[in-house]
Amino acid sequence: MKKVLFGVIAFALSLLLLTGCGGKTETVTCTYDQTVSSVQLNSKVIITLVDSKFDKMDMTIEAILPENLMSSKKTFLDSFNTQYASFEDEYGVKPVITETDTGILVTINMNGEQAKKYSGSSNLKTSREEVIKEFEKQKFKCK
Numbered sequence: 283m284k285k286v287l288f289g290v291i292a293f294a295l296s297l298l299l300l301t302g303c304g305g306k307t308e309t310v311t312c313t314y315d316q317t318v319s320s321v322q323l324n325s326k327v328i329i330t331l332v333d334s335k336f337d338k339m340d341m342t343i344e345a346i347l348p349e350n351l352m353s354s355k356k357t358f359l360d361s362f363n364t365q366y367a368s369f370e371d372e373y374g375v376k377p378v379i380t381e382t383d384t385g386i387l388v389t390i391n392m393n394g395e396q397a398k399k400y401s402g403s404s405n406l407k408t409s410r411e412e413v414i415k416e417f418e419k420q421k422f423k424c425k
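In structure tokens, the structure reads:
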């Protein structure tokens, strides 16, 4: 009986060590849509917190060009590439900037350390409420 109990405990501990404790995961999704010089910009940021620490942040910015600017799509693509060129040096992440049927799409995926640096925080620890408060200061709507 003790061997069976010991085996079950050993298995449970091994499973716990291999998979982790499965901390509390929270997701905050923030969006901000605006029109600048007839270009519709739709921004979406998804922040994942695990045990009240930055785990990752995924950001997309979709620039929808009006028909009269579609012929200038290459200029917009070059402009976005220039605008985000420093991200790799500053935050250790390389944005993916692609041409779409309607304009330009910027995708940025950051791990916790990169998100911390991008947010200007001095540590990974934060709360869902703090994240929402900071993004809402920048006119995002969060849920």
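Note that the working numbering has the sequence shown beginning at 283, numbered continuously upward.
For every residue, glycine included, the Cβ atom is placed at its ideal position computed from N, Cα and C.
Remember, predicted model here, so these are calculated numbers, not experimental data.
Do the CB positions of residue i and residue j come within less than 9 Å of each other?
| i | j | result |
| --- | --- | --- |
| E344 | V378 | no |
| K355 | E381 | yes |
| I346 | T311 | no |
| S320 | P348 | yes |
| G305 | D333 | yes |
| C341 | M392 | With the sequence shown as reference, residue 341 is identified as Met, and Cys is not the correct amino acid for it. In contact: M341 and M392 (Cβ atoms closer than 9 Å). |
| I390 | F358 | no |
| I417 | V327 | The identity of residue 417 in the sequence shown is Phe, whereas the question assumes Ile. Going by C-beta atoms, F417 is nearer than 9 Å to V327. |
If you reduce the DSSP assignment to three classes, tell me which class residue i lands in.
| i | result |
| --- | --- |
| T380 | strand |
| S296 | Only weak support exists for where S296 lies, its pLDDT of 38 falling under 50; the value from the coordinates is given anyway. Helix at S296. |
| K355 | helix |
| D360 | helix |
| F417 | helix |
| C424 | strand |
| F288 | Bear in mind that a pLDDT of 37 at F288, under 50, signals an unreliable position, so the number given afterwards is only what the model happens to contain. Helix. |
Between residue i and residue j, which are expected to be in contact by the criterion C-beta below 8 Å, what is the C-beta distance as a whole number of angstroms?
| i | j | result |
| --- | --- | --- |
| K423 | T313 | 6 Å |
| G394 | K338 | 6 Å |
- Task: Would you mind listing the alpha helix (DSSP H) stretches within the stretch 370-415 that are 4+ residues and don't spill past its ends, in chain order?
- Result: 394-401
- Query: Which ranges does the alpha helix (DSSP H) cover as unbroken runs of at least 4 residues, wholly within the stretch 303-331, from first to last along the chain?
  - Reply: none
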